[in-house]
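Asks:
Number of protein chains: 2
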Amino acid sequence: MVTTDLSISIDGFAAGPRQSAEKPFGDGKVDALIRWMFEDGEASAAELAGIGGAGSYIMGRNMFGPDRGSFDLSWTGWWGDTPPYGAPVFVLSHHERESFELAGGTSFTFVNGIRPAFDLAVAAAQAAGSDRVAIAGGATTVNQFLAAGLIDELRLHISPVVLGSGERLFDRVPSVDLEQVSSRATSLVTHQVYRVLR
Amino acid sequence: MVTTDLSISIDGFAAGPRQSAEKPFGDGKVDALIRWMFEDGEASAAELAGIGGAGSYIMGRNMFGPDRGSFDLSWTGWWGDTPPYGAPVFVLSHHERESFELAGGTSFTFVNGIRPAFDLAVAAAQAAGSDRVAIAGGATTVNQFLAAGLIDELRLHISPVVLGSGERLFDRVPSVDLEQVSSRATSLVTHQVYRVLR
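If you're matching them up, the sequences are chains V and X in order.
Mapping to my numbering: the first sequence position 106 is 106, numbers consecutive.
Mapping to my numbering: the second sequence position 40 is 40, numbers consecutive.
This is the structure in structure tokens:
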């Protein structure tokens, strides 16, 4: 099963415009997007836990690090010495870079193209005895996988804010039928789980 | 209080592209947008009832009727002889047309500009002893009122479908802080109520 967890505004943005090393979520009211993760931890404990636990992960180039045209080899991601993934992470990138491993079982492997990344992630999850691959983000990467029909379950964490601009989930994704699997709200966020129908 | 009820897809569309007299909601999987109104009536009875009951209504030109460049005076709206509004309805239009009244207390008055329509609707609601004006739609009209800061409560009925194109809520609306007032889901729809913060 391929899942994705994405925190979005009610107008569908997962990040604001002008993302940078200093502002990984870009400009605007972007703190409101992930406020639930910090202020709502107990009420949303199940959803927070569900973001982890996959057998492998796939993420876009910008989610791994700020794009400076090529890789700064001293950059090992936003997450410090012990990233929370604890599993193989496949980073989509046109730039070549050697794989490396950090503490806690997280490795980063750089792959050009969503299909090769998908195949490697499925194999890595299976090798770890897991049936779940998580598309970690950002929205542009999720949109590519949605458009390719490669996502089974969308877990959207919808925050009460209109961002107005930025990186939008579903941008240029063709029409898709969904089944609403569950819906649960706290005062800060609504957690929606949708199954993608084929 | 100014409210709006809008049925939208998870990607924020309230209608598909190419709306016409034959297809008022346009092309695409638009039946999925309002399926909850017909198949989920009992489970969503409170939300359905809440769409009505305002002291007056404002709607866009396209919600009143298909745009043929001017008014076809034999056209009295999509709703037959006894429209469900039972209150004054103000239709935004650049074309002039005399007001008229239908059975059940619904009248249609044609007004050029959102501010004049807003003032007339507030006065009409007050005259009827109501404190509520409803922006009936479509999304383009709701967006104009949102951008002007004239909506207090957003009631979104989110259906499990990705439409991919059409008329989008929040299109060109600047950033807005919301408070999540309530959230309730049935198997077919999630009902979100947001208060607009100023």
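Quick reminder that beta carbons are idealized off the backbone N, C-alpha and C, glycines included.
These figures come from a predicted structure and were not determined experimentally.
The region 122-153 of chain X: which residues have C-beta closer than 7 Å to a C-beta of chain V, in chain order?
Replies: none
Asks: Given a limit of 7 Å on CB to CB distance, which residues of the region 167-185 of chain X reach chain V?
Replies: PHE170, VAL173, PRO174, SER175, VAL176, ASP177, LEU178, GLU179, GLN180, SER183, ALA185
Asks: Quick one: complete beta strand (DSSP E) runs, 3+ long, within the region 86-155 of chain X?
Replies: 88-92, 107-111, 133-137
Asks: Establish whether the CB of THR76/X and some CB of chain V are separated by less than 8 Å.
Replies: One-based indexing of the second sequence puts residue 76/X at position 76. Not closer than 8 Å to any Cβ of chain V, the Cβ of THR76/X fails to qualify, so no.
Asks: In whole angstroms, give me the CA-to-CA distance for PRO226/V and LEU120/V.
Replies: The structure shown does not extend to residue 226/V, since chain V is modelled only from 1 through 198, so no value can be given for it.
Asks: In the DSSP assignment, find the beta strand (DSSP E) that holds LEU73/X and state where it starts and stops.
Replies: Sequence index remark: in the second sequence, residue 73/X carries index 73 (1-based). Here LEU73/X belongs to no beta strand (DSSP E), and DSSP marks it neither H nor E.
Asks: Is any beta-carbon of chain X found at less than 8 Å from that of LEU48/V?
Replies: In the first sequence, the residue the question calls residue 48/V occupies position 48. No, LEU48/V does not count as interfacial toward chain X.
Asks: Does any C-beta atom of chain V lie closer than 8 Å to the C-beta of SER99/X?
Replies: Residue numbering aside, residue 99/X sits at position 99 when the second sequence is read from its first letter. Not an interface residue.
Asks: Counting contacts by CB-CB distance shorter than 8 Å, is ASP243/X in contact with chain V?
Replies: In the structure as shown, chain X begins at 1 and stops at 198. Residue 243/X is therefore absent and cannot be evaluated.
Asks: Exposed or buried, what is LEU73/V when buried is set at 16 or more other beta-carbons lying within 10 Å of its beta-carbon?
Replies: For this step, residue 73/V is matched to residue 73 along the first sequence. Looking at its Cβ environment, which holds fewer than 16 other Cβ atoms inside 10 Å, LEU73/V is exposed.
Asks: Which complete alpha helix (DSSP H) runs does the region 28-67 of chain X hold, if anything under 4 residues is left out?
Replies: 31-39, 45-51, 61-64
Asks: Anything in chain X within Cβ reach of LYS29/V, meaning under 8 Å, just list it in chain order.
Replies: Mapped onto the first sequence, residue 29/V falls at position 29. Ordered by position in chain X, the residues that pass the 8 Å Cβ test against LYS29/V are SER175, ASP177.
Asks: With the cut-off set at 8 Å, would you say ALA117/V and PHE100/V are in Cβ contact?
Replies: The residue you call residue 117/V lines up with position 117 of the first sequence. The residue you call residue 100/V lines up with position 100 of the first sequence. Not in contact: ALA117/V and PHE100/V (Cβ atoms no closer than 8 Å).
Asks: Leaving out five residues on either side along the sequence, give the residues of the same chain with a beta carbon under 6 Å from the beta carbon of ASP171/X.
Replies: Taking the second sequence and counting its residues from 1, the one referred to as residue 171/X is at position 171. If we look at ASP171/X and ignore the five residues flanking it on each side, its Cβ neighbours are ASN143.
Asks: Listing by chain order, which chain V residues have their CB less than 9 Å from the CB of GLN192/X?
Replies: Numbered from its first residue, the second sequence carries residue 192/X at position 192. Against chain V, a Cβ distance below 9 Å from GLN192/X picks out ILE10, ILE158, PRO160, ALA185, THR190.
Asks: Assign SER165/V to one of three DSSP states: helix, strand, or coil.
Replies: In the first sequence, counting from the first residue as 1, residue 165/V sits at position 165. Coil.
Asks: Could you check where the beta strand (DSSP E) with SER182/V kicks off and where it finishes?
Replies: The sequence position of residue 182/V within the first sequence is 182, counting from 1. That run of the beta strand (DSSP E) goes 176-185.
Asks: For chain X, is any of its Cβ atoms less than 8 Å away from the one on GLY164/V?
Replies: Translated into the one-based positions of the first sequence, residue 164/V becomes position 164. Judged by the 8 Å Cβ criterion, GLY164/V is in contact with chain X.
Asks: Taking Cβ positions, are ALA139/X and VAL173/X nearer each other than 8 Å?
Replies: Position 139 of the second sequence, counting from 1, holds the residue named residue 139/X. Position 173 of the second sequence, counting from 1, holds the residue named residue 173/X. Against a cut-off of 8 Å, the Cβ pair of VAL173/X and ALA139/X comes out as no contact.
Asks: Pop quiz: GLY104/X and PRO83/X are said to be a contact at Cβ under 8 Å. What is the actual Cβ separation, rounded to whole angstroms?
Replies: One-based indexing of the second sequence puts residue 104/X at position 104. One-based indexing of the second sequence puts residue 83/X at position 83. Contact annotation, GLY104/X with PRO83/X: C-beta distance approximately 7 Å; criterion of less than 8 Å satisfied.
Asks: Name the DSSP bridge partner or partners of ASP5/V?
Replies: Position 5 of the first sequence, counted from the start, is the residue given in the question as residue 5/V. Answer is ARG155/V.
Asks: Determine which residues share a DSSP beta bridge with GLN19/V and list them.
Replies: For the purposes of this step, residue 19/V is identified with residue 19 of the first sequence, where counting begins at 1. GLN19/V is not bridged to any residue.
Asks: Counting C-beta neighbours from all protein chains within 10 Å, is the total for ALA127/X 16 or more, i.e. buried, or is it exposed?
Replies: On the second sequence, position 127 is the one that residue 127/X refers to. Exposed, since its Cβ has fewer than 16 Cβ neighbours within 10 Å.
Asks: Following a CB-centred definition, is LEU102/V positioned closer than 7 Å to any heavy atom of the ligand COA?
Replies: In terms of ligand content, the structure shown is empty, and the ligand COA therefore cannot be addressed.
Asks: VAL196/X lies in the beta strand (DSSP E); which residues open and close that run?
Replies: Residue mapping note: residue 196/X aligns to position 196 of the second sequence, counting from 1. DSSP places VAL196/X inside the beta strand (DSSP E), whose first and last residues are 190-196.
Asks: Look at VAL133/V and VAL30/V and say whether their C-beta atoms are less than 8 Å apart.
Replies: Working through the first sequence from its first residue, we reach residue 133/V at position 133. Working through the first sequence from its first residue, we reach residue 30/V at position 30. Contact: no.
Asks: Run the CB neighbour count on ARG168/X, radius 10 Å, all protein chains shown included, and call it buried at 16 or more, exposed below.
Replies: Residue numbering aside, residue 168/X sits at position 168 when the second sequence is read from its first letter. Looking at its Cβ environment, which holds 16 or more other Cβ atoms inside 10 Å, ARG168/X is buried.
Asks: Quick one: grab the DSSP three-state call for PHE25/V.
Replies: In the first sequence, counting from the first residue as 1, residue 25/V sits at position 25. In the three-state reduction of the DSSP assignment, PHE25/V falls in the coil class, being assigned neither a helical nor a strand state.
Asks: Based on the DSSP secondary-structure assignment, which residues constitute the bridge partners of PHE170/X?
Replies: Mapped onto the second sequence, residue 170/X falls at position 170. PHE170/X is not bridged to any residue.
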